[in-house]
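Residue numbers (the numbering used here): 92 to 744.
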């Protein structure tokens, strides 16, 4: 009975790397390899079995030879076209990655901490089908990814020791393997770029990246090679300057702009004798999945948006918390408080792992974290200064002075190494935090500046002032692009005891929180009223106004105050005739300075129990995905999301 294996149906994917060759997808299924033709929607399983579960697959450039390695390092060499098993190979240790060279003559295999380069076996029978060409060491932990340069003369490896290394296939006089450091978690992938990718970057006016490294925490670094001639023209070092961040790791690091030819057409010493530097850093995470908020009761709460539950509360602060910021990696959240501390909370172990303080006691009003997640800045309420810390070490790096009022807003530019700060002194200052050059530019306003925000591409800076206006600045040239008059838009309802007429109710109304949409086309603004206003940035017109509450138990909801109970001494509800504390227990507590007091500036003063809390928005934040936004209001944190339909209705079709 000449029956033979034909196919495997319904086998689930259980791990291992996937390969895409043309219109075919190769996937390990247990100890076999399945080939899926995406164009014809067919699936075939090769009739060969490894001894254990397949962990690594490797395919030659022409797609003829397939190397499948199991969890113990035993491999099969298969000819896909003829479906013939050619050789059995044992690497004697687990293999995490393998890759054919661009010409198909070599195979780079990551065996534990070592990189082994083997000659590709031929289709003819041989006693030693695979011959070891060279072994490379230097990694302090297992190698997780391997990739060849387009020229086939260099091999880049990523390791769990937080570094990547670049080895030469053949010895080059004076060449030492470069070590690229800067990641904060184990690396999972390394990729060389093609000439087309570098050309596209050059057309976009960006420095070409020759190498990409990706770590487990979602950090993607682009590395560019610095030619020896160009490196000698620039100043080496420079810390975190250069607009791309620190983390360049090589034997002779340089932060000068990386140029240096293409990686594809280069000769053998193309990446020898120079240095590598970071061209850019990006951080990937599940954006918009978590929300952090702070309250006047010294607590920092984190909510899971999918369920709506608060899953952790941090109570280390001893005074009201005024600002919270996530790190770009999403693994920690920072909070600033009036108790004079900035605390970093670990979202993996749920603990306060770093406390940032100053030699002299300060009260912090604002907070910002740089795009690399390495530097934290906090603006003070009393000394009008900006404190700069290293998050990694907790050391105070610098104190920036120049404002003449409380620093109520901070924001890092997404595209430039610049920190923007706003203050009640009517100015927005741009600081060079990385090089320590101090204030590089001042944008003066006619009134106190209460909030600021950068456009996601970093080209525009918005600043809200006390007169209800929003100023739009060119963040690169420092020129005023336009102004939005939002005084009438932000005007809320009537406040009990306010003796101003309805026509003058807009006086004193202002925006205290700004946020751009993900595409930068809309600007959200909110402040001392019941409204959140959405403006078109290009046309500078209001698109929509959201009313956050209709609860008439709050002040500022009704447009016209009721005259019922109005006496010569004022409204009856503000008069505490018997001295009893008969405040409504169903309403949130009010601030001692009235409904319009800023968070944490005046809390719980005597005689304020009779005043009703006012409807207002204290803070505003948009989801990075653009799918929703949140507003911290008097009644709590309100979530708004794109309406996708709660239930399916056939009539909607």
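For glycine and all other residues, C-beta sits at the position ideal for the given N, C-alpha and C. Owing to the predicted nature of the structure, the values given are computational and were not obtained by experimental measurement.
In the structure shown, the three-state DSSP call for residue 580 is helix. Runs of the beta strand (DSSP E) lying entirely within the segment 511-559 and spanning at least 3 residues, in chain order: 518-523, 529-535, 540-545, 551-556. Spatial neighbours of residue 129 in its own chain (CB-CB distance under 8 Å, excluding positions within 5 residues in sequence) are listed in chain order as 114, 115, 116.
In the structure shown, residue 290 falls within a helical segment according to DSSP collapsed to helix, strand and coil. Here the C-alpha atom of residue 187 lies approximately 6 Å from the C-alpha atom of residue 235. Cβ contact annotation for residue 204 (same chain, cutoff 8 Å, sequence separation greater than five): 228, 230, 231, 232, 233, 234, 250, in chain order.
Under the three-state reduction of DSSP, residue 362 is assigned to helix.
Around the C-beta of residue 303, 16 or more other C-beta atoms lie within 10 Å, and the residue is accordingly described as buried. The DSSP-derived three-state label of residue 108 is coil. Here the C-alpha atom of residue 216 lies approximately 22 Å from the C-alpha atom of residue 164.
Taking a contact as a CB-CB distance under 8 Å, the pair residue 574 and residue 563 counts as one, their CB atoms being some 7 Å apart. Under the DSSP definition of a beta bridge, residue 500 partners with 513.
The shortest CA-to-CA distance from residue 624 to any of 219, 602, 530 is the one to 602. The DSSP-derived three-state label of residue 238 is strand. Per the DSSP secondary-structure output, residue 602 pairs in a beta bridge with 618. Annotation: residue 481 to residue 192 spans about 42 Å, alpha carbon to alpha carbon. Beta bridge pairing from DSSP links residue 722 with 711, 729. CA-CA distance, residue 710 to residue 495, rounds to 24 Å. When the alpha-carbon of residue 457 is set against those of 154, 385, 634, the nearest one is in 385. One Cα belongs to residue 195, the other to residue 432, and the distance between them is close to 58 Å. Ranked by how close their Cα comes to the Cα of residue 460, the residues 501, 449, 428 have 501 in first place.
In the three-state reduction of the DSSP assignment, residue 639 falls in the coil class, being assigned neither a helical nor a strand state. Shown here, residue 443 sits in a strand according to DSSP, grouped into three states.
The C-alpha of residue 271 is placed about 10 Å away from the C-alpha of residue 312. In the three-state reduction of the DSSP assignment, residue 495 falls in the coil class. Cβ contact annotation for residue 533 (same chain, cutoff 7 Å, sequence separation greater than five): 518, 520, in chain order. 8 Å or more divides the Cβ of residue 561 from the Cβ of residue 511.
Beta-bridge pairing by DSSP links residue 226 to 207. Where residue 430 is concerned, there is no enclosing beta strand (DSSP E), because DSSP gives it neither an H nor an E. DSSP, reduced to helix, strand and coil, places residue 197 within a strand of the structure shown. Burial check for residue 498: the Cβ neighbour count within 10 Å reaches 16 or more, so the residue is buried. Non-local C-beta neighbours of residue 400 in its own chain, meaning closer than 8 Å and more than five positions away in sequence, comprise 394, ordered along the chain.
For residue 165, DSSP records a beta bridge to 181. Under the three-state reduction of DSSP output, residue 300 falls in the coil class, being neither helix nor strand. Residue nearest to residue 586 within the set 239, 645, 265, 425 is 645 (criterion: CA-CA distance). For residue 437, the CB contacts under 6 Å within the same chain, skipping 5 residues up- and downstream, are 423, 444 in chain order.
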